[in-house]
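Beneath this line is the structure, given in structure tokens, with notes to follow.
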Amino acid sequence: MSAASVRHPGEFRWETRLLAVVTLALTAFGVANCYSTGAYKQLWFSEATQQLTGAIVGGVIFLIAARTDYQLWRRLARPLFYATLAGLIILAVVALIWGGKLAPGPISAFVPVMNGSRRWLKFGPLTLQLSEIGRFTLMAFVATRAVELGSKIRDFRQGYLPLLTPVALTAVLVFLEPNLTMAMLLGTAGVMIMFIAGARIPHLLLTGAVGAAGAVLALSTGFRSARVESFGGAMTECAADGQVCEALIGFGSGGINGLGFGEGTQKLGHLSYAYSDMILSVVAEEFGLVGVGVTMLLFALFCWMGFRIAKTARDPFGTYLAAGLTAMVGVAAFLHAAVVLRMMPATGLTLPFISAGRVSLIMYLFTAGVVVSIGRNRGRPARGR
Numbered sequence: 000m001s002a003a004s005v006r007h008p009g010e011f012r013w014e015t016r017l018l019a020v021v022t023l024a025l026t027a028f029g030v031a032n033c034y035s036t037g038a039y040k041q042l043w044f045s046e047a048t049q050q051l052t053g054a055i056v057g058g059v060i061f062l063i064a065a066r067t068d069y070q071l072w073r074r075l076a077r078p079l080f081y082a083t084l085a086g087l088i089i090l091a092v093v094a095l096i097w098g099g100k101l102a103p104g105p106i107s108a109f110v111p112v113m114n115g116s117r118r119w120l121k122f123g124p125l126t127l128q129l130s131e132i133g134r135f136t137l138m139a140f141v142a143t144r145a146v147e148l149g150s151k152i153r154d155f156r157q158g159y160l161p162l163l164t165p166v167a168l169t170a171v172l173v174f175l176e177p178n179l180t181m182a183m184l185l186g187t188a189g190v191m192i193m194f195i196a197g198a199r200i201p202h203l204l205l206t207g208a209v210g211a212a213g214a215v216l217a218l219s220t221g222f223r224s225a226r227v228e229s230f231g232g233a234m235t236e237c238a239a240d241g242q243v244c245e246a247l248i249g250f251g252s253g254g255i256n257g258l259g260f261g262e263g264t265q266k267l268g269h270l271s272y273a274y275s276d277m278i279l280s281v282v283a284e285e286f287g288l289v290g291v292g293v294t295m296l297l298f299a300l301f302c303w304m305g306f307r308i309a310k311t312a313r314d315p316f317g318t319y320l321a322a323g324l325t326a327m328v329g330v331a332a333f334l335h336a337a338v339v340l341r342m343m344p345a346t347g348l349t350l351p352f353i354s355a356g357r358v359s360l361i362m363y364l365f366t367a368g369v370v371v372s373i374g375r376n377r378g379r380p381a382r383g384r
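Each residue of the sequence shown is one higher than the one before, counting from 0 in numbering that gives the first Met the number 0.
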């Protein structure tokens, strides 16, 4: 074997290079779409600039995370997770007491209501959506605990339940904000780590059944029930959820090749949250089914590279963390597409890297950087399931 063919830990390999390229492509496409969706309001400069700022800051963070040994996140997993959990508890308590109503001045200033939910903590000009940060801190904590528990995870009381508890607790707190979709996303990614770590299938099936029952119960009450009823009705009976119907019109208008960049009309006040919750419809209208196909292909490539990196990580922690973070991106993209295509009720979940949202974009870029770090630091094949 020649010296040139020897691979060393810390070297960018083809999987990490391709993952970085895919991440860059999705991010650039997202900035372009923020320009397109905001141009008609003459607010494009503000919206596009905010997203571009997030891309620049996130890009720097991506590079730092990619160059940092991912074992750092194992050492910081506990304090980061507990800090996130404390913030989520504050949000849940305020949501339970005041709901979407006006709370006393200091509380409303610190925990504002946006769109009927209390998902954010406000520190002066800085607003943080803790569930976005919790995507990473929960995965790092669960990966750390899975390594510590080892084979005990096959025992329900000694291993499985202690690992399930932080996942379930985080999901419940996020649900109370309320944010059902993010709760489902966190739960799914957490359970995936548990599966890879060796949890028994009956335990996982029981968890899935309980989670599904909880989701059905949540969807059958309050404002979500109207969305479900609309989802089950005909296209002519979707007044309760006209957003999804307008999204489908965007798909139909775009056809195969689309109307052209910036030429879509559904974003002109017809499709609410076109820049975030329904941005795939804008992609379909302006770039057609070809554009949607390329976009979803990029997400498929991201997941393929992420799971390849997880499979060949140098230790179990790297395997669990890469798999959990990759699952977060893949499941979020799938759920977003399913909502826009009316395969499931509207949920308010954004499309990773593409939908508007600086904090969300920065966290997704940080996530991708950590996965790249795991790929760069492979020293030996990870232990299998």
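C-beta atoms are modelled at their ideal positions from N, C-alpha and C, and glycine is treated no differently.
Give every residue of the same chain whose Cβ lies closer than 7 Å to the Cβ of residue i, excluding the five residues on either side of it in the sequence, and list them in chain order.
i: R271; result: Residue 271 is actually Ser in this sequence, not Arg. Q242, listed in sequence order.
i: C33; result: E46, A47, Q50, Y274 and A355
i: W119; result: P111, M113, T126, L127 and Q128
i: A64; result: F365, G368, V369 and S372
i: A246; result: L270, M277, S280 and V339
i: E262; result: E285
i: H202; result: F155 and Y159
i: E147; result: none
Assuming residue i and residue j make a contact with CB atoms under 8 Å, what is their CB distance in whole Å?
i: F352; j: L25; result: 4 Å
i: V422; j: L279; result: A question about residue 422 goes unanswered here, because the residues of the chain that appear run from 0 up to 384.
i: A54; j: E176; result: Contact doesn't hold; Cβ gap of about 27 Å is too wide.
i: L172; j: I88; result: 6 Å
i: A142; j: M193; result: Contact doesn't hold; Cβ gap of about 10 Å is too wide.
i: A321; j: G305; result: 6 Å
i: A76; j: A139; result: 4 Å
i: R307; j: E14; result: 5 Å
i: F316; j: R73; result: 5 Å
i: A283; j: F333; result: Not really, about 16 Å apart at Cβ, beyond 8 Å.
i: S150; j: G197; result: 7 Å
Using the three-state DSSP reduction, which class does residue i fall into: helix, strand or coil?
i: M113; result: strand
i: F352; result: coil
i: K266; result: coil
i: L258; result: coil
i: L175; result: coil
i: T67; result: coil
For residue i, count neighbouring Cβ atoms within 10 angstroms of its own Cβ and tell me buried if that reaches 16, exposed if not.
i: A211; result: exposed
i: N376; result: buried
i: M396; result: This structure gives no information on residue 396, because the portion of the chain shown stretches from 0 to 384.
i: Y69; result: buried
i: V20; result: exposed
i: Y81; result: exposed
i: A170; result: buried
i: L350; result: buried
i: P78; result: exposed
i: A137; result: Note that residue 137 corresponds to Leu in the displayed sequence, not to Ala. Result: buried.
i: P344; result: buried
i: Q157; result: exposed
i: I248; result: buried
i: L71; result: exposed
i: V209; result: exposed
i: G164; result: The question names Gly, yet the displayed sequence has Thr at residue 164. Burial call: exposed.
i: L185; result: buried
i: G207; result: exposed
i: R66; result: exposed
i: V328; result: buried
i: A108; result: exposed
i: L348; result: buried
i: A61; result: The question names Ala, but residue 61 in the sequence shown is Phe. Per the 10 Å Cβ criterion, buried.
i: V59; result: exposed
Who are the near neighbours of residue i in its chain, counting only those whose CB is closer than 6 Å to its CB and skipping five residues on each side?
i: A326; result: A188 and M191
i: G29; result: F352 and I353
i: V92; result: none
i: L300; result: V21
i: Y363; result: P351 and F352
i: A233; result: At A233 the pLDDT is 46, less than 50, meaning the model places this residue with poor confidence and gives no usable figure here.
i: A217; result: L179
Can you name, in chain order, every residue of its own chain whose Cβ lies under 8 Å from the Cβ of residue i, other than the five neighbours on each side?
i: I255; result: G287, L288 and V289
i: A214; result: L179 and M183
i: A27; result: A54
i: Q265; result: E245, A246, I248, G249, S252, A273, S280, V281 and E284
i: F260; result: A31, S35, E285 and F286
Within 7 Å: the Cβ of residue i and any heavy atom of the ligand FMN?
i: V141; result: You won't find the ligand FMN in this model; it holds no ligand whatsoever.
Q: With a floor of 4 residues, list each alpha helix (DSSP H) that falls wholly inside the segment 299-370, ordered by position along the chain.
A: Considered as a whole, the segment 299-370 harbours 315-339 as its complete alpha helix (DSSP H) runs of no fewer than 4 residues, in chain order.
Q) Could you give the uninterrupted runs of the alpha helix (DSSP H) lying entirely in the segment 135-199, keeping only those of 4 residues or more? A) Whole alpha helix (DSSP H) segments, 4+ residues: 160-174 and 179-195.
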